[in-house]
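What follows is a set of notes on a single structure, which appears directly below.
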Amino acid sequence: MTPHHTKDKGDLGVAKAHADLVSQGFIVLFPATEHAPFDLVAYRDGRFHRLQVKYRSSRTGVVSVQFRSMWSDRNGLHIQPVDKSAIDAVCIYCPETDECYYVHPGDHEMSVSLRIVPSKNGQKAGVLQAANFRSLAPGRAAVSED
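Taking the working numbering, the leading residue of the sequence shown gets 645, the next gets one more, and so forth.
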């Protein structure tokens with residue numbers, strides 16, 4: 645059987661997110677289905693955070709995620725925007741830095757780009773530094789436990 649390269653990357657991203665969240669003091673829960681809009685749930689301090697995990701390599705010092713899902717089947721290519729109400733955060737695993745970055749999709753439009761290395765022209769205005777997204781910020785768009 646041939647390995648599914650994209651699935652392997654996704655599995656690695658989820659494993660890295662799991663380890664990173666545990667190191668931040670979260671309990672990590674996994675859905676019993678592959679069809680949930682989130683890949684895992686992080687729990688701490690009475691709050692649940694639904695996370696979708698993305699494996700993204702950096703290009704020209706930037707790691708980017710578009711908030712959409714793409715898949716192919718016998719009917720062709722399908723593209724669907726992410727339902728931002730179904731997740732609280734996106735965890736981006738970057739293999740070049742071996743780190744996870746956490747963004748809240750409601751804070752961004754259709755995509756987000758995080759700068760891993762300084763830009764060559766020194767631009768800082770409007771630049772999102774990846775280092776500022778290293779932790780799952782407490783109290784952000786989370787579901788409270790009743």
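Even for Gly, the Cβ is constructed at its ideal location relative to N, Cα and C. Values in this document were obtained by computation on a predicted structure and should not be read as measured data.
8 Å Cβ cutoff met for residue i and residue j
{"i": "Val726", "j": "Phe711", "result": "yes"}
{"i": "Phe674", "j": "Ala730", "result": "no"}
{"i": "Ser801", "j": "Glu740", "result": "Because the chain spans 645 through 790 in this model, residue 801 falls outside it and cannot be assessed."}
{"i": "Leu780", "j": "His722", "result": "no"}
{"i": "Val771", "j": "Ser763", "result": "yes"}
{"i": "Lys651", "j": "Tyr699", "result": "no"}
{"i": "Tyr745", "j": "Ala774", "result": "yes"}
8 Å contact criterion, which residue i and residue j should meet: CB distance rounded
{"i": "Gln724", "j": "Ser713", "result": "5 Å"}
{"i": "Arg759", "j": "Val706", "result": "6 Å"}
{"i": "Pro749", "j": "Lys768", "result": "Between Lys768 and Pro749 the Cβ distance is about 24 Å, and since that is not below 8 Å, they are no contact."}
Below-8 Å beta-carbon distance, residue i vs any chain C residue
{"i": "Ala775", "result": "Judged by its chain identifiers, the structure shown contains no chain C, having just a single protein chain."}
Unbroken beta strand (DSSP E) run spanning residue i, endpoints
{"i": "Ile686", "result": "For clarity, residue 686 is Ala in the given sequence; the question names Ile instead. Ala686 -> beta strand (DSSP E) spans 684-688."}
{"i": "Val771", "result": "Note, Val771: premise wrong, no beta strand (DSSP E); not H, not E."}
{"i": "Lys698", "result": "691-699"}
{"i": "Leu673", "result": "671-673"}
Boundaries of the alpha helix (DSSP H) in which residue i is found, first to last residue
{"i": "Ala733", "result": "Per DSSP, Ala733 belongs to no alpha helix (DSSP H); it is in the beta strand (DSSP E), 733-738."}
{"i": "His649", "result": "649-667"}
Do the stretch 660-667 and the stretch 727-747 make contact, defined as three or more Cβ pairs closer than 8 Å? Yes: at least three Cβ pairs fall under 8 Å.
Touch test, the stretch 663-677 against the stretch 685-696, Cβ-Cβ under 8 Å, three pairs minimum: Output reads yes: the stretch 685-696 touches the stretch 663-677.
Report the residue ranges of all beta strand (DSSP E) runs contained in full by the stretch 711-760; include only those spanning at least 3 residues, in chain order. Complete beta strand (DSSP E) runs here, min 3: 712-717, 720-725, 733-738, 743-747, 755-759.
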